[in-house]
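Colleague:
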Amino acid sequence: MLRKLNQFDKRKMRVRRSLERSADRPRLSVFRSSKHIYAQVIDDA
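Oh and the sequence shown: position 19 is 530 in the working numbering, straight run, nothing missing.
1. The beta strand (DSSP E) that contains R538, what's its start and end?
2. Between V541 and F519, what straight-line distance do the alpha-carbon atoms span, to the nearest angstrom?
3. Assuming V526 contacts L539 under a Cβ cut-off of 8 Å, what Cβ separation, rounded to an integer in Å, is found between them?
4. In angstroms with no decimal places, state the Cα-to-Cα distance between K521 and R528.
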């Protein structure tokens, strides 16, 4: 289980590094629960 979380964290950091924060493009935030997936678009402008 610890190894799986480690792989998830590595992937998360890799994706975050590749994404550039820019004011002209909104962010997509995704939350996964055991039953549902929630997504929200966040406009920082």
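We put the CB at the ideal spot given by N, CA and C, even for glycine. Remember, it's a predicted structure, so these values are computed and weren't measured experimentally.
Modeller: A quick look at the data gives this:
1. R538 to R543
2. 14 Å
3. Actually they are not in contact, since the Cβ atoms of V526 and L539 sit about 11 Å apart, beyond 8 Å.
4. 11 Å
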